[in-house]
């Protein structure tokens, strides 16, 4: 079953910050200070009646043009609304509310377009209890499990290879981080981004949307079918929130502090063995030539080790193997 990818909000929202200008709203000298009224302004979100405090230099238009912010607010308020409507909700007796949002910092891609936001929200109930509500907003992305199989391998053979990227990830303190290719599906229906560019340039391989299998969607569909077949009261109660909350069918690598959700796709292709062997040699030495991103082939059976630091890789492997066991791939 093939699923068509949705367009990601922005390539820059998950590729990196190479062309960005970082601005911290109230950084003075070497310490953070409470912003004064001269540098902060407050707007009200018309659809929700929620006040939002903006830092100096960030306009209402810029904020509302940043789709990850709008999506986050809509998703959060919809989930909060379930508390009152659902008697079995664990917070039904004393529901939490979103009272206000403060934008603390922002990152621009180009002169005006917001790429990242750092915000803190006031989410509390009538008893004075609050929920941790600091969030880094960057929006969605996609990851790709690319599997290459020698064309002379028997149909029942386990011989296959996974494609990984090696690139600098300053946030991880690394200049050679090994991970699955990540990117977007563009307006023309092609898997795009830095990783896709390298795949195309080094392997001559274009991956189109209709060639993708959405592992995230298949897993969600299988889970929904299971709940329909076995709707026991205890099980239904346990899964009520998952079914009612309108969250994307994706993997959240850091849900405690970031809105990013990654839809995971797979693509398998048979290639001539001679070509695969040529790639295997070619893909190992490019970093010495100064490339910022290189490709790496690993035996599929070793993928869990080679990509053990990458949440995308581990999630993709778990979905792939689980769907294989269930006969969905």
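Numbering (the working numbering), first residue to last: 169 to 497. The beta-carbon is built from N, C-alpha and C at its ideal position, and this holds for glycine as well. Predicted model, so just to flag it, every value in this text is computed and none were measured.
I need the boundaries of the beta strand (DSSP E) containing residue i, first residue and last residue.
{"i": "residue 271", "result": "265-277"}
{"i": "residue 365", "result": "Unbroken run through residue 365 is the alpha helix (DSSP H), 362-371; no beta strand (DSSP E)."}
{"i": "residue 213", "result": "209-213"}
{"i": "residue 222", "result": "218-222"}
Among residues of its own chain, excluding the 5 on either side of residue i, which ones have a beta-carbon nearer than 7 Å to its beta-carbon?
{"i": "residue 237", "result": "231, 285, 305"}
{"i": "residue 485", "result": "471, 472"}
{"i": "residue 407", "result": "Any reading at residue 407 needs caution, since the residue's pLDDT is 42, under 50, leaving its predicted position unreliable; the model's value is listed next. Once the five neighbours on either side are set aside, the close Cβ partners of residue 407 are 395."}
{"i": "residue 257", "result": "250, 251"}
{"i": "residue 483", "result": "419, 432"}
{"i": "residue 368", "result": "374"}
{"i": "residue 468", "result": "315, 328, 329, 330"}
{"i": "residue 494", "result": "390"}
Distance check for residue j and residue i, CA to CA, integer angstroms please.
{"i": "residue 190", "j": "residue 274", "result": "Residue placement at residue 190 is flagged as unreliable, the pLDDT there being 28, under the threshold of 50; the coordinate-derived value follows with that caveat. Distance between the alpha carbons of residue 190 and residue 274 is about 7 Å."}
{"i": "residue 357", "j": "residue 323", "result": "30 Å"}
{"i": "residue 261", "j": "residue 244", "result": "19 Å"}
{"i": "residue 269", "j": "residue 347", "result": "34 Å"}
{"i": "residue 412", "j": "residue 497", "result": "27 Å"}
{"i": "residue 474", "j": "residue 218", "result": "46 Å"}
{"i": "residue 488", "j": "residue 228", "result": "42 Å"}
{"i": "residue 492", "j": "residue 317", "result": "16 Å"}
{"i": "residue 301", "j": "residue 247", "result": "14 Å"}
{"i": "residue 293", "j": "residue 391", "result": "32 Å"}
{"i": "residue 350", "j": "residue 366", "result": "11 Å"}
{"i": "residue 259", "j": "residue 239", "result": "23 Å"}
{"i": "residue 359", "j": "residue 444", "result": "21 Å"}
{"i": "residue 344", "j": "residue 309", "result": "21 Å"}
{"i": "residue 253", "j": "residue 479", "result": "35 Å"}
{"i": "residue 438", "j": "residue 336", "result": "30 Å"}
{"i": "residue 225", "j": "residue 299", "result": "29 Å"}
{"i": "residue 430", "j": "residue 436", "result": "19 Å"}
{"i": "residue 382", "j": "residue 490", "result": "13 Å"}
{"i": "residue 442", "j": "residue 325", "result": "18 Å"}
{"i": "residue 215", "j": "residue 422", "result": "28 Å"}
{"i": "residue 414", "j": "residue 223", "result": "30 Å"}
{"i": "residue 213", "j": "residue 255", "result": "28 Å"}
{"i": "residue 264", "j": "residue 424", "result": "17 Å"}
{"i": "residue 397", "j": "residue 428", "result": "32 Å"}
{"i": "residue 393", "j": "residue 297", "result": "37 Å"}
Just reading off the alpha helix (DSSP H) that residue i is part of, what are its end residues?
{"i": "residue 246", "result": "235-253"}
{"i": "residue 488", "result": "479-493"}
{"i": "residue 396", "result": "383-397"}
{"i": "residue 463", "result": "Taken as a continuous stretch (DSSP letters only), residue 463 belongs to no alpha helix (DSSP H), being part of the beta strand (DSSP E) at 462-467."}
{"i": "residue 441", "result": "441-450"}
{"i": "residue 231", "result": "228-232"}
{"i": "residue 501", "result": "This structure leaves residue 501 out entirely; the chain is present only between 169 and 497."}
If I'm right that residue i touches residue j with Cβ under 8 Å, what's the distance once you round it to whole angstroms?
{"i": "residue 432", "j": "residue 313", "result": "7 Å"}
{"i": "residue 332", "j": "residue 466", "result": "6 Å"}
{"i": "residue 315", "j": "residue 434", "result": "7 Å"}
{"i": "residue 282", "j": "residue 233", "result": "7 Å"}
{"i": "residue 291", "j": "residue 266", "result": "5 Å"}
{"i": "residue 352", "j": "residue 341", "result": "In fact, because the Cβ distance is near 26 Å, the residues do not count as touching under 8 Å."}
{"i": "residue 364", "j": "residue 375", "result": "7 Å"}
{"i": "residue 338", "j": "residue 464", "result": "Not really, about 20 Å apart at Cβ, beyond 8 Å."}
In chain order, what residues of the same chain have a beta carbon less than 6 Å from the beta carbon of residue i, not counting five sequence neighbours either side?
{"i": "residue 417", "result": "384, 385, 388"}
{"i": "residue 440", "result": "319"}
{"i": "residue 242", "result": "none"}
{"i": "residue 172", "result": "For residue 172, the pLDDT reaches just 34, beneath the cut-off of 50, and the residue's location in the model is therefore unreliable, although a value from the coordinates is still provided. Cβ within range, chain order: 377."}
{"i": "residue 174", "result": "Summary for residue 174: the model assigns pLDDT 31, below 50, so the residue's position carries little reliability, and this model does not support an answer."}
{"i": "residue 321", "result": "327"}
{"i": "residue 450", "result": "none"}
{"i": "residue 426", "result": "304"}
{"i": "residue 295", "result": "262"}
{"i": "residue 446", "result": "none"}
Given residue i, which residues of its chain have a CB within under 8 Å of its CB, disregarding the five upstream and five downstream residues?
{"i": "residue 221", "result": "208, 209, 210, 268, 269, 270, 271"}
{"i": "residue 197", "result": "At residue 197 the pLDDT is 25, less than 50, meaning the model places this residue with poor confidence; the figure from the coordinates comes in the next sentence. Correct list: empty, nothing qualifies."}
{"i": "residue 280", "result": "230"}
{"i": "residue 288", "result": "269, 270, 272, 301, 302, 303"}
{"i": "residue 476", "result": "482"}
What runs of the beta strand (DSSP E), each 3 residues or longer, lie entirely inside the segment 288-353? 302-305, 309-318, 329-337, 342-347, 350-353
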